[in-house]
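Enquirer: The end of the sequence shown is residue 295 by this note's numbering, with every number in the run present. The C-beta atom is built at its ideal place from N, Cα and C for all residues, glycine as well. It should be emphasised that the depicted structure is a prediction, and the values quoted were computed from it without experimental measurement. Next up is a structure, given as structure tokens.
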Amino acid sequence: MRITRRTRNDRPTHTVRAVRAARTAAVGTAAAAAILTLVPATAAQAAPTPAQVQAPAAAAAVTASAPGGNAAILGIDYATWQRDVAAVIDAARPAIEARIAASPAGEKPALVLDIDNTSLETDFHWFWTFPTPAISKVRALTQYASQRGVAVFFVTARPGIIESLTAHNLKAVGYPVSGLYVRDLPDLFDEVSAYKTSKRAEIEARGYTIIANIGNSPTDLVGGHAERTVKLPDYDGKLS
């Protein structure tokens, strides 16, 4: 069952578009500044018919109360979002754990995750916050899986220019990273959904079985190449 909560103050479409445009510009500025000032960690190497789950402590991690960010501008309550995310992960986790336990000898199981508002609390912190904090429930699931031999891949629509910065952020907040896929120049001409589908196909071509694909947008999840999908809340596209 998918649990979706609407915020009290839904904003009109033109407001959402304006905020997204501002966010895109801000992230680009921040990325450029960070690349000039930060010596990033080595980028993660791009690695080595679906059931859908929809319902509304780990290693050292950056913890912070959300100061606002673009989600606050759009009227999305941080505590409500955290509860909705927890409900989804709590509903999906037993099946994922059972699938991991049942993995046959020789299989190479993998999880695939989106990054923004799926793995990191991107829209709930201002663009200058670095590293962006992890979503704790999602991080805990990836750590559980990684400890049991499951590869953890991230497929994001972020541009290749911030690949190293993104890999550094993921590792800094405690994510295991088996591979990171970003959009290089040729990929920028593809639809996001087509790009992400092709990257999952690449992972499968390397011999992995994607036991779960986790994202917060339909573009993260459509196109197959995963045994199950897990849909986190995006509140009708308000979250990136």
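1) Please identify the residue among Leu276, Asn271 and Ile151 whose C-alpha is closest to the C-alpha of Tyr199.
2) I think Ala281 touches Asn268, with their Cβ atoms under 8 Å apart; what is that distance to the nearest whole Å?
3) Relative to the C-alpha of Tyr290, which candidate in Ala157, Val193 and Pro273 has its C-alpha closest?
4) At which residue ranges does the region 228-270 contain complete beta strand (DSSP E) runs of 3 or more residues, listed in the order of the chain?
5) Mind checking which residues open and close the alpha helix (DSSP H) that includes Leu196?
6) If I'm right that Asp242 touches Tyr250 with Cβ under 8 Å, what's the distance once you round it to whole angstroms?
7) So, does the region 155-163 touch the region 186-206, judging by three or more C-beta pairs under 8 Å?
8) Nearest to Gly279 by alpha carbon, out of Pro288, Thr252, Ile266 and Val285?
9) Is the separation between the beta-carbon of Val237 and that of Arg213 shorter than 7 Å?
10) With a 10 Å radius around its C-beta and 16 neighbouring C-beta atoms as the bar for buried, classify Pro188 as buried or exposed.
11) Examine the Cβ distances between the region 124-135 and the region 167-179 and report whether three or more of them are shorter than 8 Å.
12) Mark Pro164 as exposed unless 16 or more other C-beta atoms lie within 10 angstroms of its C-beta, in which case mark it buried.
13) Is Asp169 near Asp275, with beta carbons less than 7 Å apart?
14) Where DSSP assigns a beta bridge to Asp171, which residues make up the other side?
15) Do Leu294 and Val143 come within 7 Å of each other at the CB atom, strictly closer than that value?
16) Under the rule that 16 or more other beta-carbon atoms within 10 Å means buried, what is Gly270, buried or exposed?
17) Return helix, strand or coil for Lys286, following the three-state DSSP convention.
18) With distances taken Cα to Cα, identify the nearest neighbour of Ile190 among Val247, Ala127, Arg283 and Asp139.
19) Return the Cβ separation of Val210 and Arg148 in integer angstroms, given the expectation that the two are a contact with Cβ distance under 8 Å.
20) Around the Cβ of Glu218, are there at least 16 other Cβ atoms within 10 angstroms (buried) or fewer (exposed)?
21) Does the Cβ-Cβ distance between Gly296 and Trp183 come in under 7 Å?
22) Counting C-beta neighbours from all protein chains within 10 Å, is the total for Leu129 16 or more, i.e. buried, or is it exposed?
23) Per DSSP, what kind of secondary structure is Leu225 in: helix, strand or coil?
Expert: The answer reads as follows:
1) Along the sequence shown, one-based indexing puts residue 199 at 144. The option with the nearest alpha carbon to Tyr199 is Ile151.
2) Counting from 1 along the sequence shown, the entry for residue 281 is found at position 226. Counting from 1 along the sequence shown, the entry for residue 268 is found at position 213. Confirmed, about 4 Å.
3) If you number the sequence shown from 1, residue 290 lands on position 235. With distances taken between Cα atoms, Tyr290 lies closest to Pro273.
4) 234-238 and 264-270
5) Locating residue 196 in the sequence shown gives position 141, counting from the first residue. Segment Ser191 to Gln202, the alpha helix (DSSP H) holding Leu196.
6) If you number the sequence shown from 1, residue 242 lands on position 187. If you number the sequence shown from 1, residue 250 lands on position 195. Going by Cβ atoms, the distance from Asp242 to Tyr250 rounds to 5 Å, so yes, they are a contact pair.
7) yes
8) In the sequence shown, residue 279 corresponds to position 224, counting from 1. Minimum Cα distance to Gly279 is reached at Thr252.
9) Here residue 237 corresponds to residue number 182 of the sequence shown, with the count starting at 1. Here residue 213 corresponds to residue number 158 of the sequence shown, with the count starting at 1. The answer is yes: Cβ separation under 7 Å.
10) Taking the first residue of the sequence shown as 1, we reach residue 188 at position 133. By the neighbour-count rule (16 or more Cβ atoms within 10 Å), Pro188 is buried.
11) yes
12) Position 109 of the sequence shown, counted from the start, is the residue given in the question as residue 164. Pro164 should be labelled buried.
13) Here residue 169 refers to the residue found at position 114 of the sequence shown. Here residue 275 refers to the residue found at position 220 of the sequence shown. Yes; because the gap between Cβ atoms is below 7 Å, this pair is in contact.
14) What you label residue 171 is simply residue 116 of the sequence shown in a count that begins at 1. Per DSSP, Leu175.
15) As a first step, residue 143 is located in the sequence shown; it is residue number 88 there, counting from the start. As a first step, residue 294 is located in the sequence shown; it is residue number 239 there, counting from the start. Not a contact, by the Cβ cut-off of 7 Å.
16) Along the sequence shown, read from residue 1 onward, the residue named residue 270 stands at position 215. The residue in question, Gly270, is buried, as its Cβ has 16 or more Cβ neighbours within 10 Å.
17) For the purposes of this step, residue 286 is identified with residue 231 of the sequence shown, where counting begins at 1. Looking at Lys286 - three-state DSSP - the assignment turns out to be strand.
18) As a position in the sequence shown, residue 190 is number 135, starting the count at 1. Measuring from the Cα of Ile190, the nearest candidate turns out to be Asp139.
19) Numbered from 1 along the sequence shown, position 155 holds the residue referred to as residue 210. Numbered from 1 along the sequence shown, position 93 holds the residue referred to as residue 148. That belief does not hold up - the Cβ atoms of Val210 and Arg148 are roughly 21 Å apart, past 8 Å.
20) Within the sequence shown, residue 218 is the residue found at index 163, counting from 1. Buried, because 16 or more other Cβ atoms sit within 10 Å of the Cβ of Glu218.
21) As displayed, the chain neither begins before 56 nor continues past 295, which places residue 296 out of reach and without an answer.
22) Position 74 of the sequence shown holds residue 129. Classification for Leu129: buried.
23) Translated into the one-based positions of the sequence shown, residue 225 becomes position 170. Note: Leu225 maps to helix in three-state DSSP.
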